[in-house]
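Position in the sequence shown (from 1) plus 393 gives the number in my numbering.
All C-beta atoms in this analysis are idealised placements derived from N, C-alpha and C, irrespective of residue type, glycine included.
Source: prediction; values computed, not measured.
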Amino acid sequence: MPPAVSVDVVCLGESMVTFVPSRPGRLADVPSFARGIGGAESNVACGLARCGHRARWISRVGTDGFGDHLLTEIAAAGVDVSRVQRDPRRPTGIYFRTAGERAVGQEPVPGADSAGEHHAEEPLAEVLYYRAGSAAAAMSPALMPREELWSGRILHLTGITPALSGDCLALTQELTAPAPGRPLVSFDVNYRLELWRDEGGHGPAVLLDLARGCDLVFVGEDEAEAAWGMRGADAIRAALPEPALLVVKRGAAGATVYARGPGGTDTVTAEPAPLVEVVAPVGAGDAFAAGFLSGTLRGLPVAERLRHGHLMAAAALTVPGDLATPPSRERADRWVALDAAAWGTLRFGPGGMVPARSAPETAAVEVSNP
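This is the structure in structure tokens:
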């Protein structure tokens, strides 16, 4: 018998304490850092909780102060952390980063913004992880009870977890394998080249196999090309025909969903993203997943799920950290209901949503800071 559902979504994966420079510059030159939290799966859990859903984050952290900090901050966002394990012999992972984030599967590019423009005065994006041997790297099928991982309507995983250790890979393989009573399994590919460098080039193949076992898959066009050499959403769907829902993220161009119908044919839905003045790209993919999953839990049409994902991502893009306060459900629903012309006038920036400067005055939509 499947375990009783007690929450809407369970998110499994490592979260770390992150240190962000107090001023622009190379990590070697920065004198001090501000402390925050970072972790793809806990980011999704926080986003869902802030949207009014019951979200549970499951992981392992050390019994150190950094573990205490993670649990306090994630719980403060409304997430259930009661199933997080504490390990007295292993530390909580930490990492240091500059304001930007290295492009997926590529070396850093000086001053590259989301539109591909370059600014020579901007420093290289740097990310340094100190997570080897962390408490989360010890996650395994033996340590992580299935009844807890299956305690939600949706189980959300990412491709980061299987890269942490052999035990983590075994756990992810078990959770993405077909099994009676399994909840809907959501998987964000989240390809990170640096995490797979020691795996002899097998990381992309591992991620493809894992994604094929899931019900809902998120993947960016950039990471699909970096990992698998695939170009374009149709090519990605051809390589991943198994998931009932495949969400292909296309950056500023928006996202496309392939939804398999009863006859085995796909319905393809695409929605453009609002214009965004980017402060930092960190956490936007996690926010998008949270918005789409929120719409999924509410049973919304696919196009509306995409728009909710875009709005959550836009909020994340306009703050320097991993987490942002999303628009209220009422306000988000109002924006999502706009017609295509009005949707195209929305612009997200540090000052809030405003009409796009190029939009006709009659079509502009005046909205306030979320």
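Cα-Cα separation between residue i and residue j, rounded to whole angstroms
| i | j | result |
| --- | --- | --- |
| Asp591 | Gly737 | 44 Å |
| Ala631 | Arg605 | 11 Å |
| Val675 | Leu710 | 7 Å |
| Arg495 | Pro713 | Any reading at Arg495 must be qualified, since the residue scores a pLDDT of 42, below 50, and its modelled position is unreliable; the value itself is stated next. Going by the C-alpha atoms only, they are around 15 Å apart. |
| Ala427 | Ser415 | 6 Å |
| Thr554 | Pro655 | 32 Å |
| Ser558 | Ala531 | 7 Å |
| Pro481 | Tyr523 | 18 Å |
| Leu601 | Leu633 | 8 Å |
| Glu587 | Gly594 | 11 Å |
| Arg727 | Gly688 | 14 Å |
| Arg443 | Asp461 | 21 Å |
| Val402 | Ala529 | 19 Å |
| Pro753 | Val729 | With a pLDDT of 38 at Pro753, under the threshold of 50, the modelled position of that residue is not reliable, and no figure is offered here. |
| Gly445 | Val474 | 16 Å |
| Ala735 | Ala470 | 32 Å |
| Phe764 | Leu536 | Outside the shown range of the chain (394 to 763) lies residue 764, about which nothing can therefore be said. |
| Asp422 | Ala525 | 25 Å |
| Pro424 | Thr465 | 27 Å |
| Val672 | Leu731 | 26 Å |
| Asp615 | Asp627 | 14 Å |
| Leu690 | Asp560 | 30 Å |
| Pro646 | Arg585 | According to the sequence provided, residue 646 is Ala. The question's Pro does not apply to it. Computed Cα separation, rounded: 22 Å. |
Boundaries of the beta strand (DSSP E) in which residue i is found, first to last residue
| i | result |
| --- | --- |
| Gly654 | Here Gly654 belongs to no beta strand (DSSP E), and DSSP marks it neither H nor E. |
| Cys404 | 400 to 405 |
| Asp659 | 659 to 664 |
| Asp480 | 478 to 480 |
| Gly742 | 739 to 742 |
Cβ neighbours of residue i in the same chain (closer than 8 Å, five flanking residues each side left out)
| i | result |
| --- | --- |
| Ala696 | Thr662, Glu664 |
| Ser435 | Cys404, Gly406, Ser408, Trp450, Ser452, Leu463, Ile467, Val472 |
| Ala570 | Gly606 |
| Gly455 | Arg479, Asp480, Pro481, Arg483, Pro484, Thr485, Ser527, Ala528 |
Close beta carbons around residue i, own chain, < 6 Å, minus the five adjacent residues each side
| i | result |
| --- | --- |
| Trp589 | Ala556, Gly596 |
| Glu635 | Arg605 |
| Leu699 | Ala648, Glu664 |
| Ala682 | Val437, Asp581, Phe611 |
| Asn583 | Ala433, Thr551, Gly552, Ile553 |
| Glu670 | Gly742 |
Residues bridged to residue i (per DSSP)
| i | result |
| --- | --- |
| Ala427 | Val413 |
| Asp473 | Arg449 |
| Tyr584 | BP columns for Tyr584 are empty, so no partner. |
| Val610 | Phe580, Leu639 |
| Arg490 | Val520 |
| Thr551 | Asp581 |
| Leu668 | Arg740 |
| Val454 | Arg479 |
| Ala545 | Residue identity differs from the one stated: residue 545 is Gly in this sequence, not Ala. Looking at the DSSP assignment, Gly545 forms a beta bridge with Val400. |
Limits of the unbroken alpha helix (DSSP H) element including residue i
| i | result |
| --- | --- |
| Glu614 | 614 to 621 |
| Val599 | 596 to 605 |
| Glu697 | 695 to 710 |
| Leu568 | 559 to 569 |
| Leu441 | 433 to 443 |
| Leu731 | Careful: Leu731 lies outside any alpha helix (DSSP H) and carries neither H nor E. |
| Ser687 | 677 to 690 |
| Arg630 | 626 to 632 |
CB of residue i within 8 Å of CB of residue j, strictly
| i | j | result |
| --- | --- | --- |
| Gly640 | Cys607 | Residue identity differs from the one stated: residue 640 is Val in this sequence, not Gly. Contact: no. |
| Gly613 | Gly678 | yes |
| Pro534 | Ala572 | no |
| Pro720 | Ala708 | yes |
| Arg490 | Val410 | no |
| Arg447 | Val400 | yes |
| Pro576 | Ser527 | no |
| Tyr488 | Gly431 | yes |
| Leu568 | Leu609 | no |
| Ala725 | Leu739 | no |
| Leu420 | Leu521 | yes |
| Val650 | Gly545 | no |
| Ala680 | Gly440 | yes |
| Gly684 | Ala666 | no |
| Thr658 | Leu603 | no |
Cβ neighbours of residue i in the same chain (closer than 7 Å, five flanking residues each side left out)
| i | result |
| --- | --- |
| Thr660 | Ala652, Gly654 |
| Arg722 | Cys444, Gly445 |
| Trp621 | Pro597, Leu601, Ala632 |
| Ala617 | Met623, Ile629 |
| Pro516 | Reliability fails at Pro516, whose pLDDT of 44 lies under 50, so the model's placement of it is uncertain and the value that follows must be treated cautiously. Pro417, Gly418, Arg419, Thr491. |
| Ala733 | none |
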